[in-house]
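Colleague: For the record, in the sequence shown the residue sitting at position 108 is 108 according to the numbering used here, with numbers rising by one throughout. By construction, the Cβ of each residue, glycine as well, lies at the ideal position given by its N, Cα and C atoms. One structure follows; several queries about it will come next.
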Amino acid sequence: MLPINDTEPNRYSGFPFMTISLIALNTFIELAKPLYLQNTMTNWQYWEFMMHFYFTPKLILAAEGPGILSGITSMFMHGDIFHLLSNMGALWVFGRRVEDACGAWRFLVFYLLAGISADLITALVMYNSPTPGVGASGAIFGVMGAYLLLYPAGRIRTLVMLSFVPAWPRIRAGWIVLYFLGIQIIPALNMLFSDANYGVGHWAHLGGFFSALFIFLFLRPEAFARYLSETPV
1 MLPINDTEPN
11 RYSGFPFMTI
21 SLIALNTFIE
31 LAKPLYLQNT
41 MTNWQYWEFM
51 MHFYFTPKLI
61 LAAEGPGILS
71 GITSMFMHGD
81 IFHLLSNMGA
91 LWVFGRRVED
101 ACGAWRFLVF
111 YLLAGISADL
121 ITALVMYNSP
131 TPGVGASGAI
141 FGVMGAYLLL
151 YPAGRIRTLV
161 MLSFVPAWPR
171 IRAGWIVLYF
181 LGIQIIPALN
191 MLFSDANYGV
201 GHWAHLGGFF
211 SALFIFLFLR
221 PEAFARYLSE
231 TPV
C-alpha cells in the first residue's frame, strides 16, 4: 500500500510553500552528501561525521557530541535515495493540508518539534544504543498523526496491488495512518525487550506520531475555531 496524494483541495492557501521547501532541502542534502563525503573524508572521518550529525541516543544521555542539535541535523539526512523517496513521498501526501491548517512557518515549527520529540523518545527508551539514527520519518509520523486528528474523514489516493494488477482507490486516511502506526508496535516492543535491531527507528516513529497532539498549538485561529465547532477544518 503506497499513498500517492491527498485528493482534497486546500482551504486557506493554494501553494504548500513549506512542504515543498522541506522536500527540496532534504533532496538537495541527500544528493550533495555523497559528493562531500567522497571528496573529503576517510572511513574514520565518516564515522565522526555520523557521530556529529546523526542522532545517537547513547551520546545524548552521556552529554557527548553536539547534543540535541544532532536531532535537527539528522532530520535532513537519509540513509539512501530510497529512504529519502519514501519519506518525502509521505511528507507530500500528508504535509500539504496540515501546512494549510497551520500556515507555512507554524507548520515548520511543528515539523521540527515532532522530529525532536521523536528523537527524545528514542533516547529515553533506547538510552544505551550506540546506533546513529537518521532521517525525517519521526517528523513525518508527527505530520501523519496531525493529519489524522485534523482530517479524520480525509481520503488518500493509494496504490495497491490486486492480484498483481495495480489499482488507485481513494482510501480513508485514518485506515492508512493507523496501518502504518500499527506495524511499528511489535518491532518497537521487540527492540525494547529483546534488543532486536531492525535498522529502522520504530520508537522515533511512535514518538513522532504522539507529538501530533501538539498540533493544536500551531493551527491558524480560523482552523482552530472550525475544529472546536466540529466543522471540517
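Is there at least one Cβ from chain D nearer than 7 Å to G201's Cβ?
Modeller: No chain D appears in this structure, which consists of one protein chain only.
Colleague: What does L159 pair with, by DSSP beta-bridge criteria?
Modeller: In the sequence shown, residue 159 corresponds to position 159, counting from 1. Note: L159 sits in a beta bridge opposite L2.
Colleague: How do the segment 85 to 93 and the segment 133 to 150 stand: do at least 3 beta-carbon pairs fall below 8 Å, yes or no?
Modeller: Enough Cβ pairs lie closer than 8 Å, so yes.
Colleague: With distance defined between alpha-carbon atoms, name the residue in Y227, M77, N26 nearest to L150.
Modeller: Start at 1 with the first residue of the sequence shown, and residue 150 comes out as number 150. Comparing Cα positions, the closest option is Y227.
Colleague: Of the residues F28, M144, A204, W203, which one's Cα is nearest the Cα of Y179?
Modeller: Here residue 179 refers to the residue found at position 179 when the sequence shown is read from its first residue. Considering only alpha carbons, the answer is M144.
Colleague: To which residues does DSSP link G133 through a beta bridge?
Modeller: Locating residue 133 in the sequence shown gives position 133, where the first residue counts as 1. Paired residue(s): F55.
Colleague: Whose CA, out of I215, V160, V233, lies closest to the CA of W105?
Modeller: As a working note, residue 105 is residue 105 in the sequence shown. Cα-wise, what sits closest to W105 is I215.
Colleague: How big is the Cα-Cα spacing for A212 and A146?
Modeller: Taking the sequence shown and counting its residues from 1, the one referred to as residue 212 is at position 212. Taking the sequence shown and counting its residues from 1, the one referred to as residue 146 is at position 146. Taking the straight line from one Cα to the other gives about 5 Å.
Colleague: Start and end of the alpha helix (DSSP H) containing I72?
Modeller: Position 72 of the sequence shown holds residue 72. That run of the alpha helix (DSSP H) goes 69 to 73.
Colleague: Any chance the segment 111 to 118 sits against the segment 67 to 75, with 3 or more Cβ pairs inside 8 Å?
Modeller: As far as the Cβ criterion goes, the segment 111 to 118 touches the segment 67 to 75, which means the pair count is three or higher.
Colleague: Could you tell me the distance, in whole angstroms, from the CA atom of F82 to the CA atom of E30?
Modeller: Locating residue 82 in the sequence shown gives position 82, where the first residue counts as 1. Locating residue 30 in the sequence shown gives position 30, where the first residue counts as 1. Cα to Cα, F82 sits roughly 11 Å from E30.
Colleague: Spatial neighbours of V125 within its chain, please: CB distance less than 7 Å, with the 5 preceding and 5 following residues excluded, ordered by chain position.
Modeller: To locate residue 125, count along the sequence shown from 1; it is residue 125. The answer, listed in chain order, is L192, W203.
Colleague: Just to check my reading of the structure: Y111 and L22 have Cβ atoms closer than 8 Å, yes? What is that Cβ distance to the nearest angstrom?
Modeller: As a working note, residue 111 is residue 111 in the sequence shown. As a working note, residue 22 is residue 22 in the sequence shown. Right, the Cβ-Cβ distance comes to about 7 Å (below 8 Å), so this counts as a contact.
Colleague: In whole angstroms, what separates the C-alpha of A225 from that of M77?
Modeller: As a working mapping, residue 225 is identified with position 225 in the sequence shown. As a working mapping, residue 77 is identified with position 77 in the sequence shown. So the two alpha carbons sit approximately 36 Å from each other.
Colleague: The alpha helix (DSSP H) that contains R96, what's its start and end?
Modeller: Residue mapping note: residue 96 aligns to position 96 of the sequence shown, counting from 1. Where R96 is concerned, the enclosing alpha helix (DSSP H) stretches over 81 to 102.
Colleague: Would you kindly report the start and end of the unbroken beta strand (DSSP E) that includes R11?
Modeller: As a first step, residue 11 is located in the sequence shown; it is residue number 11 there, counting from the start. It is not in any beta strand (DSSP E) - R11 carries neither H nor E in the DSSP assignment.
Colleague: Does DSSP classify R226 as helix, strand or coil?
Modeller: Along the sequence shown, one-based indexing puts residue 226 at 226. The answer is helix: DSSP assigns R226 an H, G or I state.
Colleague: Over what stretch of residues does the alpha helix (DSSP H) that includes I186 continue unbroken?
Modeller: Taking the first residue of the sequence shown as 1, we reach residue 186 at position 186. Taken as a continuous stretch (DSSP letters only), the alpha helix (DSSP H) holding I186 covers 173 to 194.
Colleague: Residues bridged to R170 by DSSP?
Modeller: Here residue 170 refers to the residue found at position 170 of the sequence shown. DSSP, once it has assigned bridges, lists R157 as partnering R170.
Colleague: How would you call G208, buried or exposed, if buried means at least 16 neighbouring beta carbons within 10 angstroms?
Modeller: Counted from its first residue, the sequence shown places residue 208 at position 208. Label assigned to G208: buried.
Colleague: Can you check which of these residues, V177, A123, F218, M75, is closest to D100 by C-alpha distance?
Modeller: Along the sequence shown, read from residue 1 onward, the residue named residue 100 stands at position 100. Taking only the C-alpha atoms, the option nearest D100 is F218.
Colleague: Below 7 Å CB to CB, which residues in the same chain sit around M50 once its five sequence neighbours on both sides are set aside?
Modeller: The count along the sequence shown starts at 1 and reaches residue 50 at position 50. Contacts found: P132.
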